[in-house]
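Comments concern the structure below.
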Amino acid sequence: MSAGGKGDAVARVKGDREPVICGVCRRRANTGFGWAGKQGRPVLWLCDSPECGRAARSVYEMPTIELDRYEQRARDAAGERAGAFLDAIGKTDLATLTPEEWATFLQQVVVGFEDELRRMLLARTAPF
Ligand SMILES: [Zn+2]
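Numbering of the sequence shown is given in my numbering, commencing with residue 1073 and proceeding in unit increments.
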């Protein structure tokens, strides 16, 4: 994969020498635990989510192009969550959101992505 290509982020996540970000959901890797399958292989570091721990092996062994597809589906699902929030408060113009509404909207996107990615990976929902 060329520098800056879509697969580079996944390869970097798997190969970090020290815990930086979770290789499953992209949150901060704060546990010091990771998955490598066997000694000497690059480590896929993990956050404190038990779901990420359960999905680690399948993510580690998943081809980059397949993981990219899961991430795209999780992104879309997170966007739907954020859209549902906007529908619930009756606003469509982001410029009119209060600071609290903006924070909630962003949380729907970020946390929604993490939740959906974990859910899809654990269910091995074929998104394509
Ligand atoms: Zn995680």
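The beta-carbon is built from N, C-alpha and C at its ideal position, and this holds for glycine as well.
Mind checking whether residue i and residue j have CB atoms under 8 Å apart?
i: LEU1118; j: ALA1108; result: no
i: ALA1101; j: PRO1114; result: no
i: CYS1097; j: LEU1158; result: no
i: VAL1181; j: GLY1162; result: no
i: SER1130; j: LEU1169; result: no
i: THR1136; j: ASP1120; result: no
Compute every distance between the C-beta of residue i and the non-hydrogen atoms of ligand 1, then say whether any falls below 7 Å.
i: ARG1147; result: no
i: ARG1099; result: yes
i: LEU1178; result: no
i: LEU1116; result: no
i: VAL1131; result: no
i: VAL1183; result: no
i: VAL1096; result: yes
My understanding is that residue i touches residue j, with C-beta atoms under 8 Å, so please give their C-beta distance in whole angstroms.
i: PHE1185; j: ARG1145; result: With a Cβ gap of about 10 Å, PHE1185 and ARG1145 do not count as contacting.
i: GLY1095; j: ALA1128; result: 7 Å
i: ALA1160; j: PHE1177; result: Not confirmed; about 11 Å, so no contact.
Against chain C, does residue i count as a neighbour if the rule is that its beta carbon must be under 8 Å from one of theirs?
i: TYR1132; result: Absent from the structure is chain C; it holds one protein chain and no more.
| field | Completely contained alpha helix (DSSP H) runs for the region 1088-1155, where each covers 4 or more residues | value | 1122-1133
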